[in-house]
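So the structure is just underneath, and the comments pick up after that.
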Amino acid sequence: MNVSDAIRQRSSIRAFTPTEVPEALLRELLDVARHAPSGGNLQPWKVIAVAGDERRAVIDAVGAALRANPQGEIGERRVYPDPLWSPYRERRHEVGEALYATLGIARDDKPARYRQFARNLEFFGAPVGLFFVIDARMGHGQWAHLGMFMQTLALAAQERGLSTCMQEYWAQGRETLKRHFALPEQEMIYCAMALGYADPDAPVNALRASRIAVEAFAEFRGF
Ligand SMILES: Cc1cc2nc3c(=O)[nH]c(=O)nc-3n(C[C@H](O)[C@H](O)[C@H](O)COP(=O)(O)O)c2cc1C
């Protein structure tokens, strides 16, 4: 698989089979991803991978925290600016509607929408959850570099027949996760990633989020 194919074929997978991901394979993926670029070569990433009982413990801890405090623990580093403005608000709305449409969930069926959203907490059934940790003193540049690392990892996974879903959902459990993993004071959870093998029969995995055209985001000057 060439790089372009991996980029085009990757999509967020929201239903996984229980097939386990061997530790050696995960190490191989991380060994590729560590070649991602970062400003000043800071490599401002740290990854905590959970599987088996450790995965279950994380799910239980954050599940309990969210039941006790449904507002969550996002803190100052919010997932989106609030309120979101046009055209971003519409794009977010569009992909949400497309997601629920693949599942046949009606616009007004709030309980069904919530149940699907809550599948995030189970890593959508993926056997491995990866948590991306960053030093809270880092600036927006380093957060962007962590994002490059994550995409590189997702593409390496794609190449090997694995699938991923990045999950900012887990930012809701930031404080609980920080305690759970006994992170040092200055470290914080950015987001997570579900990793495993896609369930080819799950309707939700048919979703292909739309993209704006090159003309809509690029300017060409002096060519
Ligand atoms: C950093 C990041 C966090 C994300 N968090 C979530 C999440 O919590 N739950 C979810 O279902 N999708 C999540 N997504 C997936 C996006 O919805 C998805 O990337 C976007 O709609 C484009 O679709 P595609 O990845 O299938 O191309 C996240 C994506 C990124 C890059």
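Each step along the sequence shown adds one to the number in full-length UniProt numbering, with nothing skipped, and position 4 is 4.
For glycine and all other residues, C-beta sits at the position ideal for the given N, C-alpha and C.
Since the structure is predicted, the reported quantities are computational estimates derived from the model, not experimental observations.
P44 is classed as buried because its beta carbon has at least 16 other beta carbons within 10 Å across all chains shown. With contacts defined as CB atoms closer than 7 Å, M193 and A136 fail to qualify as a contacting pair.
If you draw a 10 Å sphere on the C-beta of H180, you find 16 or more other C-beta atoms in it, and that means buried.
Burial of L26 is indicated by the presence of at least 16 other C-beta atoms within 10 angstroms of its C-beta. Proximity of the beta carbon of V62 to ligand 1 is not indicated: no heavy atom of the ligand is located closer than 6 Å. Closest option to R8, judged by alpha-carbon separation, among A182, A24, E122, S163: S163.
L183 and L130 do not touch by the CB rule: their CB atoms are close to 15 Å apart, not below 8 Å. Under a 10 Å Cβ-count criterion, M166 is classified as buried, with 16 or more other Cβ atoms of the shown protein chains found around its own Cβ. By the beta-carbon neighbour count (other beta carbons within 10 angstroms, threshold 16), Y88 is exposed. Using a Cβ distance threshold of 7 Å, C191 and E168 count as a contacting pair. V95 places its beta carbon less than 7 Å from that of A209. Beta-carbon to beta-carbon, F16 and F124 are separated by about 6 Å, close enough to satisfy the 8 Å threshold. Taking A118 as reference, the option from S12, V32, Q186, R67 with the minimal CA-CA separation is R67.
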